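First residue of the sequence shown? That's -14 in the working numbering, and the numbers climb one at a time after it.
We treat Cβ as the ideally placed atom computed from N, Cα and C, and that holds for glycine.
Here the structure is a predicted model, which is why all the values come from computation and not from measurement.
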Amino acid sequence: MKKEKSRTLWFANYISIMQKEFLISFLRFHINTNPIYKRKYADICELKKTDIIRMGYRNDIKTIFDGVDFWKKYVDMIMGDDYGLPAFIYKDHIQKMNLYEWDASLYFPSTSIVEIGNSQGIIHTNNISTGTLEIFMNGERIFKKYDEVKGRGRSFFELNDMQIKRLRDYNITETYCD
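Below is the structure:
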């Protein structure tokens, strides 16, 4: 059995992380309501997309921009079973401290619809410090932890091959902004 070089493993890990970072930036672009931050995450997406496509082409490997199957594989890594927060990526502890509250509040905003089992409810409040949502469901007020609630995140990633090709070939703001 041939042992793989550490350089190959490093590159595979690096491009994998780049693709996850692209998807997280893509999600942050969609959940952000502030035009300044939407533009920031669109720019990050464009930079990461360019690097991912270039590395994939140079090394003859498939990337998230080569079709829906690979795209879904990486979306599944980020979204898991769709309950709780997605697997947001943070550079370090300081970035996590600064971004976690924004990610949690924008992913589970007040008045958004969430699922609990087969029922739907509307978020009233989001207590980020405890990771608990106050939800109105079936005329009652209930409290649920993030990981007990199915959010809206996967809907942003439901793209077909043609949409993935468009995302690859065009600027994200041309594709998703009016």
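| Asked | Found |
| --- | --- |
| Using a 10 Å radius around the Cβ and a threshold of 16 neighbouring Cβ atoms, would you call residue 71 buried or exposed? | buried |
| Along the chain, where does the alpha helix (DSSP H) that runs through residue 25 open and close? | 20 to 44 |
| Tell me which same chain residues have a C-beta within less than 6 Å of the C-beta of residue 47, skipping the five on either side of it? | 55 |
| Given a cut-off of 8 Å on the beta-carbon distance, is the pair residue 74 and residue 95 in contact? | no |
| Could you tell me the distance, in whole angstroms, from the CA atom of residue 133 to the CA atom of residue 125? | 17 Å |
| With 16 as the cutoff for other CB atoms within 10 Å, does residue 66 come out buried or exposed? | exposed |
| Which residues does DSSP pair with residue 68 in a beta bridge? | 135 |
| Can you tell me whether residue 158 is helix, strand or coil according to DSSP? | helix |
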